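Engineer: Sharing a structure, written as structure tokens. Questions coming.
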Amino acid sequence: MTILHLAVLAPFLFAILVPFLFKYFRKVHTGWFVLFVPLILFIYFLSYISVTSDGQAVMQRMEWVPSLGINFDLYVDGLSLLFALLITGIGTLVILYSIFYLAGKEERLNHFYVYIMLFMGAMLGVVLSDNIIVLYVFWEITSISSSLLISYWYAKKASVYGAQKSMYITVFGGLSMLGGFSLLYVMAETFSIREMIGNADLILNHDLFLAAMILVLLGAFTKSAQFPFHIWLPDAMEAPTPVSAYLHSATMVKAGIYLVARLTPVFAGGAEWFWIITAAGIFTMAWGAISAVRQKDLKAILAFSTVSQLGMIMSLLGAGSAAFYYMDGDNALYTTAILAAVFHLINHATFKGSLFMVAGIIDHETGTRDIRKLGGLMTIMPITATISVIGLAAMAGLPPFNGFLSKELFFTGITNVAQYDMWNGDTIGMLLPVIAWIASIFTFAYSAIIFFRTFRGKFKPDMLPVKEVHEAPAGLLISPIVLVAAVLMISFFPNILAYSIIEPAMMSILPGILGEGSNFYVDIYHWHGINLELMMTLGAVIIGTIIYVTMNKWSKLGIYQNEQDIMTTVYDNGYDALIKGSQVLTRIQMTGMLRDYIVYMVIFIVLIMFYTMFRFEGFQISMENASEIGIFMYLILAALVITIMLLPRVNNRMTAIILAGFVGFLVAFIFTVFRAPDLALTQLMVETVSVILFMAVFYHLPNLTKDNIAPLTKAINIVVAGSAGLMVALVSMSAFTYGQTTPFDAISEYFIENSVELAGGYNMVNVVLVDFRGLDTMLELLVLGIAALGAISMIKLKVKEDDDV
Amino acid sequence: MINQPNDMMFRVFIRLIAIIVVTFSIYLFFSGHNAPGGGFIGGLMTAIAILVMYLVFGTKTMNAALPFNYPYMMSIGLLVAAGTGIISVAFGYPYLKQFFDYFQIPIFGEVELTTALIFDLGVYLLVVGSAMTFILSIVEDDS
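Here is the structure:
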């Protein structure tokens, strides 16, 4: 356990304290306590810059399951540090913002901050883990905490819908990713990402390469909201705005980007990786931008814009992976895309974070986020308007803001693809800049819509639920101002982070392809002369303006009126079909008749036993060494058989109970004859308890009626019962023969020899139960306890007919 | 539950029988390590004794006479069983490692004491608790 491990675990540990802080310090907003965690962690991670900026990395090991190669190894290099700083830095601002945003007395802050802390720790774990299994565990915790945060206002139906949707989609991706990770382990024989990169050749030429890649990418794409999995992100906007700003724009949705970047050295170098990621990214970018224009809710516009921007970063990572094909890190033709990806990642976190916070402020002050009701807020909320102008200009890619810088780099990176003389870069690759350009037209258009519809135009006070609209309190404004200051800082000093953050991150994404002693070409500046990229920006601005100006004309179209995403329709229908389908399937087997269930179970057990025995040639029966069966046994067995034969013919319930009990006591008797006193005692007890139970509920039971069972059913039942008996007899006889013919010691030998010596007990059965197999017993106890609780909940807490379970 | 006025003999004898059964069940519980018995069997037998009394005296009387919260008893049992395992972890051994030694105790003479017995106590409590929870929740259901 090192300080680094403690840093990852700190949010989890602090989450334990949160409910107590909430309970005992009601006068202080819980957020003030929580604020210290990300702040301290941020400062702590800043100290790593000196290490990573030299291209060095830190690896800290803690053993977890060393026998399986699963260790809690943390690895800090340029890429993970960039993410760690984003998580803690934006986290600090978001928690500060949330203190003022969730100021109401009735807010369940204990829940909120526990989830936030869970998320923060898990996210740090994702970006810092070197072991993919550990990474996976943290990855799923981020999915769960994200769902919990989306459903924070769980009384709203839309919140629950959004939470479920995000859960289904991201957990689907997470499980696929686990499959991909397992395949990676099969190929590279290690769970460590470091070692995988070392064995990249092994993976690249393996048959399972493509399967592993697609499975891992499913995880990354679902998390980073790439088409067609993007639909959960707009619905995630039901979460409180601090959550949207933090999880659903700055950090969690970038986990997929992180994973792609992290595994680039493992997978990159092939056409599949290049095309899947670039195509998915660029298509998502266009889809998100065009969908954003159709939205009327401020946060929905921002959500689709996030989808679009994530697609952009994703496509850049795809385009930049070509550097591995050429193994040429010195040539900016291949590496510019990666530079643009890293740079835009930072820029996006700054401007999108501030924009989400602004949307939250507008919601908080006016009571609505609907752009049809908003307008004219410029003079009423001047500070908020200023923040938005800067954020929106950066998002739209207007000079001189940082969004412009990264968008120019993006255009360069994407147009470079046309110059790659392989993988159809010069033919289909020509489409990429075109789609990118269309996407940026719409990016400009929706940025304009946000600004003009909320801040300009006519103020419509009668459409707002709030009586008096005024500027937000200072507390709410601090965080967006800090973020906008960061935007301006990067805008005017674009190289401020170049050597401390961006270049080390690039070195982690593209390791081992730099020439001796050379660096990546990181020099970001505004004026590149009049070139293609500038013309593209200019064109986007002009056409975007036209789209905005003509909005009144096209806003009457059906496609604008109906803002639902096609994929959401697909999801909803699929979801309904799944529920209906499983209901149909369940109704077939859940008849409510105990008798049917037993038939299903017995058939299944017999078949699987038969298959196994047949498959491994287990049937060997020889009764040579079997001992004589005494007359006594024959008598007991005869009694048993007669009783059982009588049971179905009895018409009286009392008689039936007594007969059933008799069977149980006879079995106990057999156990006694075979000198198994513990077993016999247990059987006796269980029989007694069930007879008592029958006597107790006797009063409630209806009269035993003779059902008219169809002859066919009767025949099936006889066959099933007979085959079960036959199967068990055959298996036990084979087991006996097997024990005679093969020299293996029975397991019981070990217990016979060691039960006194190691556990100090002469009753072997009990020693096995409490000592040798203590864990099994404990888990069985747990099962028993759960079953008893189930009985309570089924019987005592009755569900009324129309209640949903 | 059944509560008829003319079961005098039953009512008198059941008190005696129940005491014997409970005593025997405790004996079974303690003897478990070296002779037939143990927490599971002992627990079931205790449950049987209590259940028989329920049959005779009725739910109302018995709930007043033995005001146990059986779901609580169940969870305490589980905690005890799981807790013994944690003790061994605290001393650097694997989870649920059991220890034993022989001690000289006045009256009883040499006695073997094991941590497994505490674990078994957990089993005992859980078995009594869950058997009673099961049956009482079925029995007390009026509808």
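If you're matching them up, the sequences are chains A and B in order. Using our numbering, read the first sequence as starting at 8 and increasing by one per residue. Using our numbering, read the second sequence as starting at 1070 and increasing by one per residue. All residues carry an ideal CB built from backbone N, CA and C; glycine is no exception. Small disclaimer: the values here were computed from a predicted structure and weren't measured.
#1: So what's A:TRP71 in DSSP terms, helix, strand or just coil?
#2: Assign A:ASP370 to one of three DSSP states: helix, strand, or coil.
#3: Using the rule of at least 16 other Cβ atoms within 10 Å of the residue's Cβ for burial, across every protein chain shown, is A:PHE408 buried or exposed?
#4: Have a look at B:SER1100, B:GLY1154, B:GLU1209, B:MET1201 and flag the residue whose alpha-carbon is nearest the alpha-carbon of B:ALA1118.
#5: Are A:SER755 and A:VAL774 close, meaning C-beta to C-beta below 8 Å?
#6: Kindly give me the distance between the Cβ atoms of A:LYS261 and A:LEU352, rounded to whole angstroms, as I take these residues to be in contact under 8 Å.
#7: Rounded to whole angstroms, how far is the Cβ of A:MET785 from the Cβ of B:ALA1185, which I believe are closer than 8 Å?
#8: For B:ILE1086, does the three-state DSSP call read helix, strand or coil?
#9: Could you tell me which whole alpha helix (DSSP H) segments of length 4 or greater appear in the segment 316–382 of chain A?
#10: Comparing alpha-carbon positions, which option in A:SER199, A:PHE198, A:PHE228, A:LEU191 lies nearest A:LEU215?
#11: DSSP three-state call for A:ASP583: helix, strand or coil?
#12: Report yes if the CB atom of B:MET1114 is closer than 8 Å to the CB atom of B:TYR1123, and no otherwise.
#13: What whole-angstrom Cβ distance do A:PHE311 and A:SER395 have, given they're in contact under 8 Å?
#14: Between which residues of its own chain and A:ALA452 is the CB-CB distance below 7 Å, once the five residues before and five after are set aside?
#15: In chain order, what residues of the segment 1103–1133 of chain B put their CB closer than 8 Å to some CB of chain C?
#16: Taking only the alpha-carbon atoms, compute the straight-line gap between B:ASP1189 and A:TYR82 and give it to the nearest angstrom.
#17: For a contact defined as C-beta to C-beta under 7 Å, what are the partners of B:GLY1101 on chain A?
#18: When Cβ atoms are compared, which residues of the segment 789–807 of chain A fall closer than 8 Å to chain B?
#19: Would you call A:ARG376 buried or exposed, if buried means 16 or more other Cβ atoms sit within 10 Å of its Cβ?
#20: So which of A:LEU666, A:GLY318, A:PHE234 has the shortest CA-CA distance to A:THR650?
#21: Name the residue from A:ILE638, A:ILE488, A:PHE21, A:GLN627 whose alpha carbon lies nearest to the alpha carbon of A:GLN747.
#22: Is there a C-beta anywhere in chain A that falls below 8 Å from the one on B:PHE1188?
#23: Going by C-alpha to C-alpha distance, which of A:LEU791, A:PRO518, A:PHE779 sits closest to A:ASP84?
#24: Can you pull out the residues from the segment 1143–1155 of chain B whose beta carbon lies closer than 9 Å to at least one beta carbon of chain A?
#25: Which residues bound the beta strand (DSSP E) around B:LEU1180?
#26: Is there a Cβ of chain A sitting closer than 8 Å to that of B:ILE1207, yes or no?
#27: Is B:PHE1145 helix, strand or coil when you go by DSSP?
#28: Grab the span of the alpha helix (DSSP H) containing A:TYR757 for me, first residue to last.
#29: So who's on the other strand from A:ILE148, going by DSSP bridges?
#30: Throw me the rounded Cβ distance for the A:ILE323 and A:VAL267 pair, which I believe falls under 8 Å.
#31: Is the CB of B:ILE1204 under 8 Å away from at least one CB in chain A?
#32: Please list, in chain order, all residues of the same chain as A:ALA22 whose beta carbon is under 8 Å from its beta carbon, the five residues on each side excluded.
#33: Measure from the C-beta of A:THR784 to each C-beta in chain B and report whether the shortest distance is under 8 Å.
#34: I'd like to know whether the C-beta atoms of A:LEU381 and A:ILE289 end up nearer to each other than 8 Å.
#35: If distances are taken between C-alpha atoms only, which option among A:THR393, A:GLU372, A:ASP530, A:SER498 comes closest to A:ILE509?
#36: Within 8 Å of any Cβ in chain A, is that where the Cβ of B:ALA1200 sits?
Structural biologist: By the coordinates alone:
#1: strand
#2: The answer is helix: DSSP assigns A:ASP370 an H, G or I state.
#3: Result: buried.
#4: B:MET1201
#5: no
#6: 7 Å
#7: Contact flag wrong, Cβ pair sits at about 12 Å.
#8: Under the three-state reduction of DSSP output, B:ILE1086 falls in the helix class.
#9: Taking only runs of at least 4 residues, the alpha helix (DSSP H) segments lying wholly in the segment 316–382 of chain A are 329–333, 339–373.
#10: A:LEU191
#11: helix
#12: no
#13: Rounded, the Cβ-Cβ distance is 17 Å, inconsistent with contact.
#14: If we look at A:ALA452 and ignore the five residues flanking it on each side, its Cβ neighbours are VAL300, GLY551, ILE554, TYR555.
#15: Any reference to chain C falls outside this structure, whose protein chains are A and B.
#16: 45 Å
#17: The contacting residues are ASN770, ASN773.
#18: LEU789, LEU791, GLY792, ALA794, ALA795, LEU796, ALA798, ILE799, ILE802, LYS803, LYS805
#19: buried
#20: Taking only the C-alpha atoms, the option nearest A:THR650 is A:LEU666.
#21: Measuring C-alpha to C-alpha distances from A:GLN747 to each of A:ILE638, A:ILE488, A:PHE21, A:GLN627 identifies A:GLN627 as the nearest.
#22: yes
#23: Of the candidates A:LEU791, A:PRO518, A:PHE779, the one whose C-alpha sits nearest the C-alpha of A:ASP84 is A:PRO518.
#24: MET1143, SER1144, GLY1146, LEU1147, ALA1150, ALA1151, THR1153, GLY1154
#25: Sequence check: residue 1180 of chain B is Val here, not Leu. Element bounds for B:VAL1180: 1178–1183.
#26: yes
#27: The sequence given here has Ile at residue 1145 of chain B, not Phe. Helix.
#28: 754–766
#29: A:ILE148 is not bridged to any residue.
#30: Sequence check: residue 323 of chain A is Leu here, not Ile. Their Cβ separation, rounded to whole angstroms, is 10 Å, which puts A:LEU323 and A:VAL267 out of contact at 8 Å.
#31: yes
#32: TYR120, VAL121, MET124, LEU125, GLY128
#33: yes
#34: A:ILE289 is positioned such that its CB atom lies no closer than 8 Å to that of A:LEU381.
#35: A:ASP530
#36: yes
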